[in-house]
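Below is one structure, written out as structure tokens; comments come after it.
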Amino acid sequence: MAAKQSKFLIGALLIVGAVGYLIYTSIQETKVYYFTIDEFLLKKATLANTDVRVAGRVQAGSIQWDPAALTLTFRLMPIEPGTIPVGALPPGVAVSYQGILPDMFAEGRDVIVEGLYTPEQQLVASTIMTSCPSKYEPEIEERLTRADG
Amino acid sequence: MTHLGTLALYLASLLAVYAIVTSLWGVRTRRTAWIASGTQAAYAVGGCVVIASIALLHALLTRDFNVEYVASYSSSTLPLHYTVAAFWGGQKGSLLFWALIHCFFSAIVLFQNRTRNQELMPYVTATLMIIALFFLGLLCFITPPFERLSFIPDEGSDLNPLLQNYWMTIHPPALYLGFISASVPFAFALAALATGKLGDVWIRTTRRWALTSWFFLSLGNLLGGRWAYEVLGWGGYWAWDPVENAAIMPWFTATAYLHSVMIQEKKDMLKVWNMTLVILTFVLTIFGTFLTRSGVISSVHSFTQSGLGPYFLTFLACILTVSIGLLLYRLPDLKSENEFDSLLSREAAFLFNNLILVGLAFATFWGTIFPILSEWVRGVKITVGPPFFNQVNGPLGVMLLFLTGIGPIIAWRRASWSSLGRQFTIPLVVGLALGGLLFVLGYRNYYAVVIFSLAGFVLTGILAEFSRGTRARQVMLHESPPQALGRLIGKNPRRYGGYIVHVGVVLIFFGVAGALFTIEKQITVSAEQSFEVGRYTLLYTGITEREDAHIAAQVATVNILVDGQQIDTMHPEKRFYKKQNQPTTEVDIRPTLVEDLYLVLGSYDEPSGLATFQVFINPLVSWIWIGGLILILGTCVIMAPNPAERQAFALARTPADIRGQAIAE
């Protein structure tokens, strides 16, 4: 009897072990560090050749989009840049991307960029996610408030 | 109307409190009058929630933009059916919708059990009303749906364009039905634990509810995939997004339960495990709602984020504490004297299937909350995306597919080698032959080859079961083949309906494996320019513009040619929803059984006339929807009224009920 039950135990442990092993190795292989742009700028010296996901704002006037080649470059900057000396650029990181623009992508939008941070200090994006529509609810409120005034 | 709605919600909360107190007090003092009064109050809660729902619908349909919810989620140009869908399009409405369905289900449960399960019912009523009270409390005090603005806007800000899609009008209700019906087995499980009536009465009573929940969870997930495929425009149907994960996790545990419960029915084993699965499924539905509502994890689907997180977490903590506490308290009574006999048995197959399903749920859970965990533990937010889930859940899914071929066919208790040979030789040969053939044909994607040959193995096994049963009836009862097949299924709908569900599952696997052969291309062209993707030539002829009060659209016309012959014309669009000031992409899909041609108008540059297209060739996707339909059909067969089952149920019920009445008197 005991031998029979231990067979089941071994089978179960094999499956549990396989699940654990798969989870562990897959996390090691696919993990991506998530930073806000402020955290990223602080740590960027240590992040060359790492897969990162960075949340920030598309800097106004920085978008260069070539619809024929489907290449995009822009600068990602902090959502609250603080005081910037006159004439100076806000702190940020250059992003390059190849592919179709997401629908909501525009200057001043908050986006999440996922990609590889190269030693040349460029973020080569594989995905650009625009923040989800609910984030625009403040805008709606604003509009309603304006209607109020 | 809206005042009436608010009043109804407050009244419903009070009645829910009353129902909880009287039910529990009644059972404690053994006074049936109290219990009956609690039951009546529970019905009344439902009545009040219905009134509140009518009030909200009324506000939406009369376009009362002074109501904040109406102004935020609809507009004067929103079509009627989407205006109705706006009921569950925003957070407040969806919580009210949740309460509505929950009360509806509660009423059905109370009515079904008006004379049965008298011992369990007070606890069931109390549990269901506690859940109702949680949602009613949110609606009364945290997110009042009838809140008014200090002014009357002349226009609403419209429903999110991504939700203005016909799949989206039915996908959330389907998922809600699945989520909410999971609370019924949970309530009975708690009642069984509380009363100590741990026999199979509660299981038999809730079997249909568990199935119903599973049915709607399956439907909700399928429709969600369909919606993502048509609306999100990234070429796929499943992205392991936190909100999708929230919907699939309870499905995994519910599927596990539907299998393991058979072991309890047959062998009176795994009682603790089944109890745990029922509790876990319910907890995961609440956790799923928490994920979508709290915004703790960023997701493309979080249309309605808010500060509800802490309330949900508190509620979750309460549920877990009570459930685990009761479970530990009854642990000694849940022991079984039986043991498993052999690894070569259906019990073993089901046991391993359960471990894999729970493993799938756990891996999905782990990946979903990993950003939070890693931030807590290491101070760095680490996220994992689709590659993680595919790497983990892919192999587990393949193991599950293999067991799908073994479990339903292998004998209970202990399979002899000769019966194994008789049952599995043909399926094994077919599966291996299929794999070999694919290899010879040059397929070197081993993942796909394994899945396809396993699919062949499982399907052959199921077909053999059908043909064996049908032939036996033909020979012994002299029935015609169709008659024999019909009666075979009719006589044992649980078994053969289950096989049909498995056919659906196999086809879904088959369709998903098609994704291993996806072709994607992005290209920018000017008018009258053509380009090749796979075997297709696409000729872009130009853009036309279309506009109404609600939407402005740029519609591209693309002729599809194969071997120089035009076979179709497609019209992907770029839309602009005026009220929400939001551009969206409308894909055009040309589905066939072999592959879908999926065409996205990425952008249109007016000055240069250049249009950017993204084209996907998605092989076998149609089989996912076909498999889904078969799965739904199979579930309907299982759920069809079954006289034999009712008889068994009546027999099993009687002794307990007599005792129940004795106590009541």
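Protein chains in written order, with this note's numbering: chain R, 1 to 149; chain S, 1 to 665.
Beta carbons are placed, not taken as given, at the ideal position from N, Cα and C, and that holds for glycine.
Since the model is a prediction, treat every value here as computed from it, not as a measurement.
Under a three-way DSSP split, which group does residue i fall into?
i	result
residue 303 of chain S	Any answer about residue 303 of chain S is weak, because its pLDDT of 44 lies below 50 and its placement is not dependable; what the coordinates show is given next. Of the three classes helix, strand and coil, the one that applies to residue 303 of chain S here is coil, per DSSP.
residue 197 of chain S	coil
residue 262 of chain S	helix
residue 57 of chain R	strand
residue 147 of chain R	Only weak support exists for where residue 147 of chain R lies, its pLDDT of 36 falling under 50; the coordinates are left without a value.
residue 38 of chain R	helix
residue 49 of chain S	helix
residue 122 of chain R	strand
residue 662 of chain S	Bear in mind that a pLDDT of 39 at residue 662 of chain S, under 50, signals an unreliable position, so the model cannot answer this.
residue 594 of chain S	coil
residue 12 of chain R	helix
residue 68 of chain R	coil
residue 20 of chain R	helix
residue 583 of chain S	strand
Between the beta-carbon of residue i and the beta-carbon of residue j, is there less than 7 Å?
i	j	result
residue 103 of chain R	residue 584 of chain S	yes
residue 403 of chain S	residue 349 of chain S	yes
residue 422 of chain S	residue 342 of chain S	no
residue 241 of chain S	residue 338 of chain S	no
residue 453 of chain S	residue 428 of chain S	no
residue 59 of chain R	residue 75 of chain R	yes
residue 319 of chain S	residue 508 of chain S	no
residue 72 of chain S	residue 579 of chain S	no
residue 288 of chain S	residue 220 of chain S	no
residue 45 of chain S	residue 85 of chain S	no
residue 405 of chain S	residue 469 of chain S	no
residue 599 of chain S	residue 570 of chain S	yes
residue 209 of chain S	residue 185 of chain S	yes
residue 32 of chain R	residue 117 of chain R	no
residue 70 of chain S	residue 60 of chain S	yes
residue 270 of chain S	residue 253 of chain S	no
residue 52 of chain S	residue 1 of chain S	no
residue 36 of chain R	residue 48 of chain R	no
Going by DSSP, name the residue or residues bridged to residue i.
i	result
residue 531 of chain S	S:538
residue 130 of chain R	R:111
residue 465 of chain S	Answer is none; residue 465 of chain S lacks a bridge partner.
residue 569 of chain S	S:559
residue 76 of chain R	R:58 and R:93
residue 10 of chain S	Residue 10 of chain S pairs with nothing; no bridge assigned.
residue 51 of chain R	R:116
residue 599 of chain S	S:588 and S:615
residue 326 of chain S	For residue 326 of chain S, which the question treats as bridged, DSSP gives no partner whatsoever.
residue 554 of chain S	S:545 and S:574
residue 382 of chain S	R:33
Residue i versus chain R: which residues are under 7 Å apart at the beta carbon?
i	result
residue 356 of chain S	15
residue 380 of chain S	33
residue 688 of chain S	Chain S is shown from 1 up to 665; residue 688 of chain S falls before or after that span and cannot be answered.
residue 366 of chain S	23
Could you list which residues in chain S have their beta carbon closer than 7 Å to that of residue i, in chain order?
i	result
residue 40 of chain R	Within 7 Å Cβ-Cβ: nothing; residue 40 of chain R doesn't reach chain S, min ~11 Å.
residue 68 of chain R	524 and 610
Mind pulling the chain R residues with CB within less than 8 Å of residue i?
i	result
residue 583 of chain S	103 and 104
residue 371 of chain S	34
residue 384 of chain S	26, 27, 30, 31 and 32
Residues of chain S with a CB under 9 Å from the CB of residue i: which are they?
i	result
residue 19 of chain R	355, 356, 358, 359, 360, 362, 363, 392 and 396
residue 11 of chain R	343, 348, 351, 352 and 355
residue 122 of chain R	Chain S residues near residue 122 of chain R: none, gap ~21 Å exceeds 9 Å.
Closer than 8 Å by beta-carbon distance: list the chain C residues that pair up with residue i, in chain order.
i	result
residue 63 of chain R	In the structure shown, chain C cannot be found, because the protein chains are R and S.
Cβ closer than 8 Å: which chain S residues qualify as neighbours of residue i?
i	result
residue 8 of chain R	340, 343, 348 and 351
residue 100 of chain R	522, 600, 602, 603, 612 and 614
Cβ-heavy atom distance between residue i and the ligand ATP below 6 Å?
i	result
residue 62 of chain S	Ligands displayed in this structure: none; no statement on the ligand ATP is therefore possible.
Q: With 8 Å as the C-beta to C-beta threshold (strictly closer), list the residues of the region 586-617 of chain S near chain R in chain order.
A: 600, 602, 603, 605, 608, 610, 612 and 614
Q. What residues from the region 44-59 of chain R come within 9 Å of chain S, judged by C-beta to C-beta, listed N to C?
A. 53 and 55
Q: Please list the residues of the region 322-344 of chain S that have a C-beta atom closer than 8 Å to any C-beta atom in chain R, keeping them in chain order.
A: 339, 340, 341, 342 and 343
**Q.** Proximal residues, the region 516-549 of chain S versus chain R, C-beta separation under 7 Å
**A.** 522 and 524
Q | Short-range partners of chain R found in the region 164-197 of chain S, where Cβ spacing is below 9 Å | A | none
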